[in-house]
Structure formats: structure tokens, C-alpha cells
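Residues 1 to 168 (my numbering) are what the sequence shown spells out, left to right. Ideal placement from N, C-alpha and C gives every residue a C-beta, glycine not left out. Right, one structure below, let's go through it.
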Amino acid sequence: PTCNLATTPQPSNTLTPPTTGLTLVLIAQGHGTQNYTCTNATAVPAAIGAVASLFNASCSVASGASLSSISESASAIGAHFFVDSTTPEFDIIGLGDTQAKKVESMVAPVANAVPWLKLEATVSATTGPVREIYRLNTEGGVAPATCEGVVAGGTVKVEYSAQYWIYA
Numbered sequence: 001p002t003c004n005l006a007t008t009p010q011p012s013n014t015l016t017p018p019t020t021g022l023t024l025v026l027i028a029q030g031h032g033t034q035n036y037t038c039t040n041a042t043a044v045p046a047a048i049g050a051v052a053s054l055f056n057a058s059c060s061v062a063s064g065a066s067l068s069s070i071s072e073s074a075s076a077i078g079a080h081f082f083v084d085s086t087t088p089e090f091d092i093i094g095l096g097d098t099q100a101k102k103v104e105s106m107v108a109p110v111a112n113a114v115p116w117l118k119l120e121a122t123v124s125a126t127t128g129p130v131r132e133i134y135r136l137n138t139e140g141g142v143a144p145a146t147c148e149g150v151v152a153g154g155t156v157k158v159e160y161s162a163q164y165w166i167y168a
């Protein structure tokens, strides 16, 4: 479904607003895991990216519906993953592949949630019109304090959800 997102405000945050001239084209709900690696049992888990399925949440958010109304039984419209430990990619039907870099971060207003981010597209590695992506309304995804109980070289996957506000 297509919804008018022109008057849909972002949740209150301290990130720099979208660049003038860009338009909100999609609000995607992401469900997946934030992934961390462990060098040994006493190490602090190191972030190595995330993997998530993306669902169209534009109409739900624009109409003020609760996030729980966004059904995971709906067809995924794309995927979010990492090309390497610092380069997120978003592969979204109709918007192409977008590789991005983090330009800003703020502490999530909810405890035990990964930070809210502003990402900018790496234009040379992007096939579509997307220029900025905001990760907002995060839940979960925070690494445990230590790697206790994880085999050396092992991966810790922590479930998370987030909204990705996508501007082109």
C-alpha cells in the first residue's frame, strides 16, 4: 500500500534532520539480529553487523497504528545486512541496493535498545535513489557485557527490531 508520508514526523530525536530536498519514501520495520563476535570468554563482544527482514510499515506509522499491528506474516519487502563489519546494506524492492555509512548516533530512549542512527548512502555503491536512512524506535539488540559461555571466535546473535525511515 502507498500512503502519504509527507506530514509524518519522525519520533522525537536529536539526530540532524533529513537534508533539504529529500522526501520520506518508506518506513520499513526491521526484525532480525544484531551480531557480535567473541575472541574469548572474558572479551567484550565486538559488533560485526546485523541481519534483518524488512516489512512495509509506512501506512501503519502514518496512521498512528501500534507497531504490533505490523504483521510479520506480511511479505518482506527487503533485507538489511552488512557487507563488512562497518558497512550496512539495504536491498529493498523498488528502491535498489543501498550501502551506507553511519554519520550520527544517539542513545535510544528505551533501555537495552541499540542506538538510533542517521546513515548516509555511499552513492558509489548504491543502485537506487535512497540517500539517507534513519534507524529509529529500536528495541533489543544490545550485546551482553561479556562473552562468557561463548566459544572463542563464536558469534552472539541478539534479537532486535527497528524502524528504518528511508529518504530519497
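Q. What residue from Gly-128, Ala-46, Ala-79 has the CA that sits closest to Ala-162's CA?
A. Reading the sequence shown from its first residue, position 162 is the one you call residue 162. Measuring from the Cα of Ala-162, the nearest candidate turns out to be Ala-79.
Q. Would you call the CB atoms of Arg-135 and Trp-116 closer than 9 Å?
A. In the sequence shown, residue 135 corresponds to position 135, counting from 1. In the sequence shown, residue 116 corresponds to position 116, counting from 1. Taking 9 Å as the Cβ cut-off, Arg-135 and Trp-116 qualify as a contacting pair.
Q: Would you tell me roughly how many angstroms separate the C-alpha atoms of Ala-28 and Ala-65, rounded to the nearest one?
A: Working through the sequence shown from its first residue, we reach residue 28 at position 28. Working through the sequence shown from its first residue, we reach residue 65 at position 65. The alpha-carbon atoms of Ala-28 and Ala-65 are separated by roughly 14 Å.
Q.
Rounded to whole angstroms, what is the Cα-Cα separation between Val-25 and Gly-140?
A. What you label residue 25 is simply residue 25 of the sequence shown in a count that begins at 1. What you label residue 140 is simply residue 140 of the sequence shown in a count that begins at 1. In a straight line, the C-alpha of Val-25 is about 26 Å away from that of Gly-140.
Q | Minimum length 4: unbroken alpha helix (DSSP H) runs contained in the region 118–158 | A | none
Q: Under 8 Å by Cβ, that's how I've got Gln-34 and Tyr-164 pegged, so tell me the actual separation to the nearest angstrom.
A: Within the sequence shown, residue 34 is the residue found at index 34, counting from 1. Within the sequence shown, residue 164 is the residue found at index 164, counting from 1. Going by Cβ atoms, the distance from Gln-34 to Tyr-164 rounds to 14 Å, so no, they are not a contact pair.
Q) Quick one: what's got a C-beta closer than 6 Å to Gly-154's C-beta in the same chain, skipping five residues either side? A) As a position in the sequence shown, residue 154 is number 154, starting the count at 1. So the list reads Cys-38, once near-sequence residues are dropped.
Q) Where does Gly-21 land, buried or exposed, given buried means 16+ other C-beta within 10 angstroms? A) Taking the first residue of the sequence shown as position 1, residue 21 is located at position 21. Looking at its Cβ environment, which holds fewer than 16 other Cβ atoms inside 10 Å, Gly-21 is exposed.
Q: Determine the direct distance from the alpha carbon of Glu-120 to that of Glu-104, and round the result to whole angstroms.
A: In the sequence shown, the residue the question calls residue 104 occupies position 104. In the sequence shown, the residue the question calls residue 120 occupies position 120. C-alpha separation (whole angstroms): 9 Å.
Q. From Ala-43 to Val-61, what distance separates their C-alpha atoms?
A. The sequence position of residue 43 within the sequence shown is 43, counting from 1. The sequence position of residue 61 within the sequence shown is 61, counting from 1. In a straight line, the C-alpha of Ala-43 is about 39 Å away from that of Val-61.
Q) To the nearest whole angstrom, what separates the beta carbons of Lys-101 and Thr-122, a pair I think is in contact under 8 Å? A) Within the sequence shown, residue 101 is the residue found at index 101, counting from 1. Within the sequence shown, residue 122 is the residue found at index 122, counting from 1. That pair is a contact at about 6 Å.
Q.
Between Asn-112, Ala-125, Val-51, which has its C-alpha nearest Asp-97's C-alpha?
A. Position 97 of the sequence shown, counting from 1, holds the residue named residue 97. Residue Ala-125 is the option with its Cα nearest to Asp-97.
Q) According to the neighbour-count rule (16 or more other Cβ atoms, all chains shown, within 10 Å of its Cβ), is Gly-94 buried or exposed? A) What you label residue 94 is simply residue 94 of the sequence shown in a count that begins at 1. Exposed.
Q | Endpoints, the beta strand (DSSP E) within which Ser-105 is located | A | Within the sequence shown, residue 105 is the residue found at index 105, counting from 1. From DSSP, the beta strand (DSSP E) with Ser-105 extends over 96–106.
Q: Would you list the one or two residues that DSSP bridges to Val-51?
A: The residue labelled residue 51 in the question sits at position 51 within the sequence shown. The partner list for Val-51 (beta bridge, DSSP) reads Thr-33.
Q: State yes or no: is the C-beta of Gly-49 within less than 9 Å of the C-beta of Phe-82?
A: Numbered from its first residue, the sequence shown carries residue 49 at position 49. Numbered from its first residue, the sequence shown carries residue 82 at position 82. In this structure, Phe-82 lies closer than 9 Å to Gly-49 by Cβ.
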